[in-house]
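*Asks:*
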Amino acid sequence: MALTLPYAITLEVGSSLENKTGDWRTERPIYLDRLPPCNIECPAGENIQAWLGLSQEGKYQEAWEEILHNNPLPAVHGRVCYHPCEDGCNRKQMENPVSIHAIERFLGDEALKNNWTIPKAADTGKSVLVVGAGPGGISAAYHLCKMGHKVTVVDSKPAVGGMLRYGIPSYRLPRDVLDSEVAHIEKMGVTFKFNTRIDNLAASIKDGGYDAAFLAIGAHVGRSVEIPNDGSVKIIEAVKFLSDMETEDKKPELGKKVAVYGGGNTAIDCVRTAVRLGADSVNLIYRRDRKNMPAHDFEVVEALEENVNLNELRTIKEMKDGKLTLDIMELNAEGWPESTGKTETIEADTVLYALGQLVDASLFNDCTGIDVEKDGVTNVNDQFMTGMDGVFAGGDMIPSARTVTTAVGHGKKAARYINAYLKGEAYTPAEKHETASFDKLNTWYYEDEDMREQPVLDLKKRTTTFEEVLGDLDEATAKYEATRCMSCGNCFECDNCYTVCPDNAIIKLGRGNRFEINYDYCKGCGMCVEECPCGSMLMEPEEL
Amino acid sequence: MSTELKPGFCQTGDLTAGNRLQSIDVVSVQSQEDRANSLTSGHRACQGCGEALGARMAIDKVMELSKNKVHVVNATGCLEVFTTPFPETSWNVPWLHSLFGNAPAVATGVQAALKAKGMEDVTVIAQGGDGSTVDIGFGCLSGMFERNDDVLYICYDNEAYMNTGVQRSGATPPTARTATTPLSGPHPGNNFGQGKNVPKIAMAHGIGYVATATIANVRDLEAKVAKAMSMKGARYLHIHVPCPLGWGSLPKDTIKLARLAVESGLYPLFEGEHGVITGVTKIRKKVPVDEYLKLQRRFTHLFKKGADTDDLAGVQAIADAHIKYYGLLDDGDK
Amino acid sequence: MLKQVEGSIGVAEAIGLCRPDLVCAYPITPQTHIVEGLADMVRKGKIKSNCQYINVESEFAALSVCIGSSATGVRSYTATSSQGLLFMAEAVYNAAGMRLPIVMTIGNRAIGGPINIWNDQSDSMSMRDAGWIQIHAETNQEAGDLHIQAFKIAEQLSIPVMVCVDGFLLTHAYEQIESSTQEQVDEFLPPFKPMQALDCDNPMSMGAMVGPEAFMEVRALNIAHFDNAIEPIQKISEEFEKIFGRKAGGLYEHYNSEDADTVVVSLGSVNGTVKDIIDEYKKDNVSIGSFKIGCYRPFPGKQIVEQLKHAKRIIVVEKDIFAGVGGCLANDMTVAFKDTDVKIYSVIGGLGGRPIFKKSLIKILDRGMKDELEDLSFIDLDQSLVEREITREDLFMTKAV
Ligand SMILES: Cc1cc2nc3c(=O)[nH]c(=O)nc-3n(C[C@H](O)[C@H](O)[C@H](O)COP(=O)(O)OP(=O)(O)OC[C@H]3O[C@@H](n4cnc5c(N)ncnc54)[C@H](O)[C@@H]3O)c2cc1C
Ligand SMILES: Cc1ncc(C[n+]2csc(CCOP(=O)(O)OP(=O)(O)O)c2C)c(N)n1
Ligand code: SF4
Ligand code: SF4
Ligand code: SF4
Ligand code: SF4
Ligand SMILES: [Mg+2]
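Chains A, B and C, in that order, give the protein sequences. Heads up: the first sequence begins at 343 in our numbering, then just goes up one per residue. Heads up: the second sequence begins at 537 in our numbering, then just goes up one per residue. Heads up: the third sequence begins at 8 in our numbering, then just goes up one per residue.
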């Protein structure tokens, strides 16, 4: 030290930097990215936190691109995905979850409005056959195309979408949204062939000279049940009914009194469609109680709002004289319905059976090695390959939760394995980070702010037209809602760690560049970790 | 469900020090990479020392607003000892230590000298611990107030004489164990006195600005520094700074404790001008005092089997009285 | 120009001419008239600087304010007496340790208890080792002049200076004083350039804590600086004489003592009385002189020995006494003369304002010259009363037990 100042009693500013307090430490703080529960729950494997973060900054195109890493159909998903992400959302434990789907929808719509596109890789010279133009097939086709493969999608139906079009009613998913979003994929170079049913898969692959195939043929065969019927009540299978809704010349006739048998989402779509078709009375008949309905409760609520009668704990005993005799049930100790012996009757012109679907696996006729269950469900290995080399499958036809998003997730994952298969490589998914569970957060720092909900069509229009029920979030609201996201497990640059360190041992690298710890001075107090709102830091024992 | 959009909303509002979504003008100085670091690394404060943090927060803000023109006078105490043991100082500002009990008077002198030199644009800060402020230096403090000298006094309240090994001060809360209020006798720990609320005493002097602040709310703290800086004359800022060593708390809990002190009502955040309270920071999520006390070994006797429940109730009563007096709860959630 | 003024006012005016930037004091008799005078001058703008007069709540604060202002680089002044000096004790040491060139007047007064407002020098003596230079005024003329020198000494050396002025005897006495002009003072006393100061452009930490690894050196350094002040103090008084044309200050002053057998040594105004006595003795050709010590701290022991080693005896007359020590000056003299054959007698008088009558002192000096004095004697002490009381109080104490 240069002695320019009176000895000892006066000191040169900042000279304590000589004193490296880092050796006081027994634990060291580190930065890490934890996996937010929303991401974990998303069947399509979206990095939700990341695109919400970009949306918070108003970087919508980047946000959309982030979604498109995993899911080519955000406008569709923003409308029909059951958003399990929101069930996982940590914010749910505070007031209510982030309305992830509504923001996703906003981003998807922005992309359509602005014709945003995704670049694809150079042509690999490989070609892949995709059977089924439902979400599973679309997803696989998109990813494979992006990877540079030539993709042909064939479907027996006249138009794209699978259950997106032939199951989900248009008041939930306007067809122009579906078509526009798929048009983008088509523009990327995917070839779609409609009204083409594959009956002999092996031959089709061979004839088409495909290097691999991905199947997502869904489950389209309605499950039936034997109920005595004097013929006075018309019976239609739900999936057929909904599919026919899409075909101008097959528009179904239901009569004025409609009953729907079943308690799943399909049943709900049927009752709500029946309402819109002008039925006077619509009865939903379900053998267990509302709590146990497989349909999402928000869907049940929507149906009830639209004047559907819910007949819970009922089974149809017989159909006679345009009337249904309903067996009144009660739940036994295990939660299963048992007849009480009592009955009641209701009137019905038509009963729609919404009792689940089976897979029509007949296209495997000429294939070998395929492992098909009784109900047509086809088994695949952990790489989504069926028992036949180069034939992969996903979506409703394999054992899984039957949702659009699951199918899209399968399509993505299968595409990655197919890509590896085509290149003769092995694909190993990146290791998952530990979960940013609620207990990892310091929620004090989040403002209390309720979810901003989407506008809802007025009831009159809901019961008389097929107009879309749920509306858009406007840009400001979408951004606002995105900003409710707590960025679980991923630093969102709140500067707390930097601020609370009493030893100035955290270096701020500038906005967008996060932080670094200066272990020369960090005493290991742990305050930074404790006060990180989002659980993006951790104390680790110091190696002594 | 509200549909109104709060302007400038971000998930953490002003609860965090900064936020990448907020403009640089609204975030705290502490959150910015070019903050002054008036108190730099290498100091010898204990792990998780609230006082070291509070001092940096307050003075950095002064540095920003004064364009780095500040003179600091520091009373004897932890803050002085851990920052300037020969041959190293952690200060990056002109800084002067004289004695335990005279910081306000020394600051008066510094200020008068600046005036003589025509350099009144330099902000003079006097600072000390609760011991120097509410006890030994109280006479000088009151004199400085009474004269309305152009000095910003900052008290870092860690509720005891920490530097000498945690003895009781006039700011030590009732029931707290210190080295001179041991856990013996029928009412262990510090006695229930009348308390010595220096912020209120400062207000009684009618000085321009008085505020209480906490390291758990840096934006509030900085706003108060800024408010103080917008005025001339004597100003007083009382900052609550938990002390892991003296309180027997975990170093990582320092901010949390500061927060709980506010949320329990034990440490009310308010500000006043010319003797009149002009604002309080409302309690956001009220907690019983237990939540705050239980994290500190100096209070563990309150929760032992056979403890006199009046003691705990007495502490809660203090919090309740604050809540009532200052109106710390939003109407409705009372 | 000669003026008939009260000593305090003379001092105040001299200080005013030094253009202090800050005067901060707390009233205590007999210092009051000085600071009142300064307060008035500041109000009337008579001081040619941006001088501020700051009223504070205690002497501790007064000196602390000076510590702050001096550390910020402006000329700072305070004054006190007695209890006031004790009340600021902690700051007295601190200012010296920080090497702040503050000038402080001590209107010398007894320290209690019992409380007593009258003159002796036990107050400044109680702080004799605090690291402040202490210079004593004999007359009101010198009192003023010493303050002018004090600022120069302090600032040149970065050591605080106490100017000791006997309470009442000087502070409240009206005398003819030749006042100085602003031009003279300005020529003599350059503007204050601090050795170091708080400065935004050149920040530093002042008043650091020093541990065992360096404290010894810091102390030794401080003492060395202090001891080195002796020469400059003398030089500055010579410079003063050149500019002002009169003598004041310096280390010491002979009065017929250059070759006297008996030398009376004292501090401050009592020298006047002693000189009168010497004049009388002179008529009788008695070999006795007086030797005034002007600079008491640092104690110019070597120089004094050099000047007085010819003497047979030195009679130290002083107005202080300390438990276990006796008279401080006598003590210092004894130490200084330990290697000589000069006999040192200690005479204590004037405590708590008791007048030192010439005839009482003469009696003592007469006995001294015959070497009939005790090592320690008192002027006009009712010894029998003291002895009586010792017995009575002893009894009382025994009963109490
Ligand atoms: C009424 C209804 C509503 C639903 N609502 C939702 C919802 O809101 N959210 C949600 O997440 N999930 C919903 N689902 C489930 C979801 O639609 C399916 O899980 C999803 O569509 C499955 O996708 P997939 O690609 O596997 O099959 P699908 O969507 O069923 O597509 C399969 C496609 O393959 C074609 N195909 C079949 N066999 C052949 C063949 N041999 N040759 C050529 N083409 C063939 C079909 O024509 C069809 O287009 C709903 C299902 C139904 C029935
Ligand atoms: C006149 C005097 N008395 C006592 C002390 C011893 N002393 C130094 S610091 C201190 C306590 C400081 O307490 P506080 O002001 O609360 O500051 P803290 O150390 O708690 O931050 C004491 C008693 C001293 N230095 N000077
Ligand atoms: S708050 Fe955000 S990051 Fe956390 S779970 Fe919800 S959506 Fe995901
Ligand atoms: S707050 Fe600072 S000192 Fe404490 S652990 Fe974090 S980086 Fe280290
Ligand atoms: S405290 Fe804030 S800035 Fe630091 S890691 Fe956590 S989120 Fe990022
Ligand atoms: S004793 Fe307390 S105030 Fe002092 S350095 Fe340690 S934590 Fe800080
Ligand atoms: Mg303290």
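Beta carbons: idealized from backbone N, C-alpha and C, even for Gly. The model shown is predicted, which means the values in this text are computed figures rather than measured ones.
Is the region 464–472 of chain A touching the region 501–514 of chain A, taking contact as three or more C-beta pairs under 8 Å?
*Replies:* Verdict: no, contact absent.
*Asks:* List the residues that DSSP assigns as beta-bridge partners of His776(B).
*Replies:* Counting from one through the second sequence, the residue named residue 776(B) turns up at place 240. Answer is Asp693(B) and Thr750(B), bridged to His776(B).
*Asks:* Of all the options Ala696(A), Arg539(A) and Asp549(A), which has the alpha carbon lying nearest to the alpha carbon of Val496(A)?
*Replies:* Within the first sequence, the letter at position 154 stands for residue 496(A). Among Ala696(A), Arg539(A) and Asp549(A), the Cα nearest to that of Val496(A) is on Arg539(A).
*Asks:* Could you spell out where the beta strand (DSSP E) holding Met211(C) opens and where it closes?
*Replies:* As a working note, residue 211(C) is residue 204 in the third sequence. Here the beta strand (DSSP E) through Met211(C) covers Met211 to Met213.
*Asks:* Ligand 5 and Asp375(A): does any heavy atom of the ligand fall closer than 7 Å to the residue's C-beta?
*Replies:* Start at 1 with the first residue of the first sequence, and residue 375(A) comes out as number 33. Flag unset: Cβ of Asp375(A) not near ligand 5.
*Asks:* What three-state label does DSSP hand Thr608(A) in the structure shown?
*Replies:* Stepping through the first sequence from its first residue, residue 608(A) is reached at position 266. Reduced to three states, the DSSP call for Thr608(A) is helix.
*Asks:* Which of the three DSSP states, helix, strand or coil, is assigned to Asn115(C)?
*Replies:* Position 108 of the third sequence, counting from 1, holds the residue named residue 115(C). In the structure shown, Asn115(C) sits in a strand (DSSP, three-state: E or B).
*Asks:* Any heavy atom of ligand 7 inside 7 Å of the beta-carbon of Met698(B)?
*Replies:* Walking along the second sequence from the start, residue 698(B) turns up at place 162. True, at least one ligand heavy atom lies under 7 Å from that Cβ.
*Asks:* State the Cα-Cα distance for the pair Asn426(C) and Gly104(C), rounded to the nearest angstrom.
*Replies:* Look at the range of chain C in this structure, 8 to 408, and you will see that residue 426(C) is not part of it.
*Asks:* How would you call Thr548(B), buried or exposed, if buried means at least 16 neighbouring beta carbons within 10 angstroms?
*Replies:* Taking the second sequence and counting its residues from 1, one reaches residue 548(B) at position 12. Under this definition Thr548(B) is a buried residue.
*Asks:* Name the one or two DSSP bridge partners that Phe532(B) has.
*Replies:* One cannot answer for residue 532(B) here, as it falls past the ends of chain B, which runs 537 to 870.
*Asks:* Quick check on Asp869(B): does DSSP put it in helix, strand or coil?
*Replies:* Walking along the second sequence from the start, residue 869(B) turns up at place 333. Note that Asp869(B) has pLDDT 49, beneath the 50 cutoff, so the model's placement of it is unreliable and the number below is only indicative. Coil at Asp869(B), not helix or strand.
*Asks:* What residues from chain B crowd round Glu388(A), counting only those whose CB sits closer than 7 Å?
*Replies:* Position 46 of the first sequence, counting from 1, holds the residue named residue 388(A). By Cβ distance, chain B contributes nothing, its closest Cβ being about 19 Å from Glu388(A), past 7 Å.
*Asks:* Taking only beta-carbon atoms, is Tyr788(A) less than 8 Å away from chain B?
*Replies:* Here the question's residue 788(A) lines up with position 446 in the first sequence. Judged by the 8 Å Cβ criterion, Tyr788(A) is in contact with chain B.
*Asks:* Using the three-state DSSP reduction, which class does Trp627(B) fall into: helix, strand or coil?
*Replies:* Translated into positions along the second sequence, residue 627(B) becomes position 91. It is a strand residue.
*Asks:* Compute the beta-carbon to beta-carbon distance between Ala662(B) and Gln59(C), rounded to the nearest angstrom, for a pair I have assumed lies under 8 Å.
*Replies:* By one-based count along the second sequence, residue 662(B) stands at place 126. By one-based count along the third sequence, residue 59(C) stands at place 52. Between Gln59(C) and Ala662(B) the Cβ distance is about 18 Å, and since that is not below 8 Å, they are no contact.
*Asks:* With respect to 7 Å, is the separation between the Cβ of Thr533(A) and the closest non-hydrogen atom of ligand 1 below this value?
*Replies:* Counting from one through the first sequence, the residue named residue 533(A) turns up at place 191. Answer for Thr533(A): no, Cβ out of range of ligand 1.
*Asks:* Any beta-carbon of chain B closer than 8 Å to the one on Met869(A)?
*Replies:* Your numbering for residue 869(A) matches position 527 in the first sequence. By this cut-off, Met869(A) is an interface position.
*Asks:* Taking contact to mean 3 or more Cβ pairs, one atom from each stretch, closer than 8 Å, check whether the region 597–605 of chain A and the region 690–697 of chain A are in contact.
*Replies:* Segments in contact, yes.
*Asks:* Does chain D have any CB closer than 8 Å to the CB of Ala847(A)?
*Replies:* Going by chain labels, chain D is absent from the structure shown, which instead holds the protein chains A, B and C.
*Asks:* Measure the beta-carbon distance from Ser33(C) to Ser65(C) and round it to whole angstroms, keeping in mind my assumption that it falls under 8 Å.
*Replies:* Against the third sequence, residue 33(C) aligns to sequence position 26. Against the third sequence, residue 65(C) aligns to sequence position 58. The sequence shown places Tyr at residue 33(C), rather than the Ser named in the question. Rounded, the Cβ-Cβ distance is 6 Å, consistent with contact.
*Asks:* From the DSSP output, which residues share a beta bridge with Cys171(C)?
*Replies:* Within the third sequence, numbered from 1, the residue matching residue 171(C) stands at position 164. Bridge partners of Cys171(C): Ile113(C) and His143(C).
*Asks:* Can you find the residues in the same chain that come closer than 6 Å, C-beta to C-beta, to Gly151(C), ignoring five residues on each side of it along the sequence?
*Replies:* In the third sequence, residue 151(C) corresponds to position 144, counting from 1. Correct list, in chain order: Gly17, Val18 and Ala21.
*Asks:* Taking 8 Å as the cut-off, does the region 568–580 of chain A touch the region 752–760 of chain A (at least 3 CB pairs, one atom from each stretch)?
*Replies:* They do not touch, by the three-pair rule.
*Asks:* What does DSSP give as the partner residue(s) for His607(B) in the beta ladder?
*Replies:* Taking the first residue of the second sequence as 1, we reach residue 607(B) at position 71. DSSP output for His607(B) lists Val660(B) as bridge partner(s).
*Asks:* Hey, could you find the ends of the alpha helix (DSSP H) Phe674(B) is sitting in?
*Replies:* As a working note, residue 674(B) is residue 138 in the second sequence. Segment Phe674 to Arg683, the alpha helix (DSSP H) holding Phe674(B).
*Asks:* With DSSP collapsed to three states, give me the class of Cys833(A).
*Replies:* For the purposes of this step, residue 833(A) is identified with residue 491 of the first sequence, where counting begins at 1. Three-state result, Cys833(A): coil.
*Asks:* Please name the residue in Glu238(C), Arg320(C), Val281(C) and Gln38(C) whose C-alpha comes closest to that of Cys302(C).
*Replies:* By 1-based counting over the third sequence, the position of residue 302(C) is 295. Checking every option, the nearest Cα to that of Cys302(C) belongs to Glu238(C).
*Asks:* Output the residues surrounding ligand 5, defined as those with a CB atom closer than 7 Å to any ligand heavy atom, in chain order.
*Replies:* That gives Tyr373(A), Ser829(A), Cys833(A), Phe834(A), Glu835(A), Cys836(A), Asp837(A), Asn838(A), Cys839(A), Tyr840(A), Arg856(A), Phe857(A), Cys870(A), Glu873(A), Cys874(A), Pro875(A), Cys876(A), Ser878(A), Met879(A) and Thr552(B).
*Asks:* Candidates Glu182(C), Asp127(C) and Glu185(C): which alpha carbon is nearest Val172(C)'s?
*Replies:* As a first step, residue 172(C) must be located in the third sequence, where it is residue number 165. Closest option to Val172(C), Cα to Cα, is Asp127(C).
*Asks:* Just checking: is the beta-carbon of Ala344(A) within a distance shorter than 8 Å of some beta-carbon in chain B?
*Replies:* Within the first sequence, numbered from 1, the residue matching residue 344(A) stands at position 2. The predicted position of Ala344(A) is uncertain, since its pLDDT is 46 and thus under 50; a value taken from the coordinates is nonetheless stated next. With 8 Å as the cut-off, Ala344(A) does not count as an interface residue toward chain B.
*Asks:* Distance cutoff 8 Å, beta carbons only. Does Gln59(C) sit that close to anything in chain B?
*Replies:* The residue labelled residue 59(C) in the question sits at position 52 within the third sequence. It does; some Cβ of chain B falls within 8 Å.
*Asks:* Label Gly645(B) either buried or exposed according to how many other C-beta atoms from any shown protein chain fall within 10 Å of its C-beta, with 16 as the threshold for buried.
*Replies:* If you number the second sequence from 1, residue 645(B) lands on position 109. Under this definition Gly645(B) is a buried residue.
*Asks:* Whole angstroms are fine: how far does the CA of Ala818(A) sit from the CA of Glu795(A)?
*Replies:* Taking the first residue of the first sequence as position 1, residue 795(A) is located at position 453. Taking the first residue of the first sequence as position 1, residue 818(A) is located at position 476. About 13 Å.
*Asks:* Buried or exposed: Glu650(A), going by 16 or more other Cβ atoms within 10 Å of its Cβ?
*Replies:* On the first sequence, position 308 is the one that residue 650(A) refers to. Checking the displayed sequence, the identity of residue 650(A) turns out to be Val instead of Glu. By the neighbour-count rule (16 or more Cβ atoms within 10 Å), Val650(A) is buried.
*Asks:* Report the option in Lys597(B), Ile743(B), Met593(B) and Val660(B) whose CA atom is closest to the CA atom of Ala643(B).
*Replies:* Numbered from 1 along the second sequence, position 107 holds the residue referred to as residue 643(B). Looking at the Cα atoms, Val660(B) is the closest of the given residues.
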